Amino acid sequence: MSDFRQYEEAIAMYHRNLTIKTVPVYSWDFHSDFLSAIKNFFADLSKLNAIAVQNKWAQNNWDLKKSLKEEVIVVTDVKLQIVFASHNMMTMNGYSAAEVLGKSPKMFQGEATNQITSNEIRKAILHQQPFEKTVMNYKKNGEVYVCLIKGFPVFNSKGELRHYIAFEKAA
Numbered sequence: 001m002s003d004f005r006q007y008e009e010a011i012a013m014y015h016r017n018l019t020i021k022t023v024p025v026y027s028w029d030f031h032s033d034f035l036s037a038i039k040n041f042f043a044d045l046s047k048l049n050a051i052a053v054q055n056k057w058a059q060n061n062w063d064l065k066k067s068l069k070e071e072v073i074v075v076t077d078v079k080l081q082i083v084f085a086s087h088n089m090m091t092m093n094g095y096s097a098a099e100v101l102g103k104s105p106k107m108f109q110g111e112a113t114n115q116i117t118s119n120e121i122r123k124a125i126l127h128q129q130p131f132e133k134t135v136m137n138y139k140k141n142g143e144v145y146v147c148l149i150k151g152f153p154v155f156n157s158k159g160e161l162r163h164y165i166a167f168e169k170a171a
């Protein structure tokens, strides 16, 4: 028992002799947010790379690192079910990535969504062509926001359609 007491006294004396006696608690939140953002960035990049490798995506010109910093990335399968959504989706529309997996991107549409634009996107998807459209989408809380979407069909090395990828940002 006496060993612990000597240890505690030594620690107490050490802390009494420090020139800085307090820790800036206000910085912990910033640091935690920063670490979470970095962790999410690398988790998203790893998941995207795994999907690309597993499905043998053909070469493309996307800078996924840059896009993950600036945009939301959504990947759907050929049936248009979401198989990947980047963590920064929460900032744009309030949905977590887990909440949208397995669902259709139509979940973001509503009354304010222009049906002509939706039909143009649908036609591009049917013809396996890239598109760039601005749509009125809905946040989780029901608010409407303007979303710029750049969508691309993704083919494997054999030329078979594997996924669709969309790069989105609030306009």
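Just so you know, full-length UniProt numbering puts the end of the sequence shown at 171, numbered straight through with nothing missing. Where is the CB? At the ideal position from N, CA and C, for every residue including glycine. Note that this is a predicted model, so its numbers are computed, not measured.
Hey, how far is the Cα of A52 from the Cα of K123?
Rounded to whole angstroms, A52 to K123 spans 25 Å at the Cα level.
Using DSSP with H/G/I as helix, E/B as strand and the rest coil, what is Y164?
It is a strand residue.
Which residue marks the beginning of the beta strand (DSSP E) containing K150, and which one marks its end?
Residues V144 to F155.
Less than 8 Å separating the beta-carbons of V74 and E168?
Closer than 8 Å, so yes.
So the candidates are S86, Y95 and A58; which of them puts its Cα closest to the Cα of F41?
Of the candidates S86, Y95 and A58, the one whose C-alpha sits nearest the C-alpha of F41 is S86.
Answer yes if the region 101-108 comes into contact with the region 67-81, meaning at least three C-beta pairs across the two stretches below 8 Å, and no otherwise.
Output reads yes: the region 101-108 touches the region 67-81.
Assess contact between the region 32-47 and the region 85-101, defined as three or more Cβ pairs (one per stretch) separated by less than 8 Å. Is contact present?
Short answer: they touch.
Assuming V154 and W57 form a contact by the criterion Cβ under 8 Å, report the distance between their Cβ atoms to the nearest whole angstrom.
About 6 Å; that satisfies the 8 Å criterion.
Anyone know if the C-beta pair for A112 and C147 falls short of 8 Å?
Not closer than 8 Å, so no.
Just the Cα atoms here: how many angstroms apart are A98 and K158?
Roughly 31 Å separates the two Cα atoms.
Write down every uninterrupted run of the beta strand (DSSP E) in the region 7-87 whose length is 3 residues or greater and which is fully enclosed by it, in chain order.
Segments of the beta strand (DSSP E) lying fully in the region 7-87: 72-77 and 82-85.
With 16 as the cutoff for other CB atoms within 10 Å, does Y14 come out buried or exposed?
Flag for Y14 reads exposed.
At the level of alpha carbons, what is the spacing between A166 and I11?
Their backbone Cα atoms lie some 55 Å apart in a straight line.
Considering only C-alpha positions, which residue in the set Y164, S96 and L126 is nearest to H141?
Residue identity differs from the one stated: residue 141 is Asn in this sequence, not His. When only C-alpha atoms are compared, the closest one is S96.
Confirm, please, whether the CB-CB distance from L18 to L45 is below 8 Å.
Taking 8 Å as the Cβ cut-off, L45 and L18 do not qualify as a contacting pair.
Helix, strand or coil: how does DSSP classify K123 here?
Correct three-state label for K123: helix.
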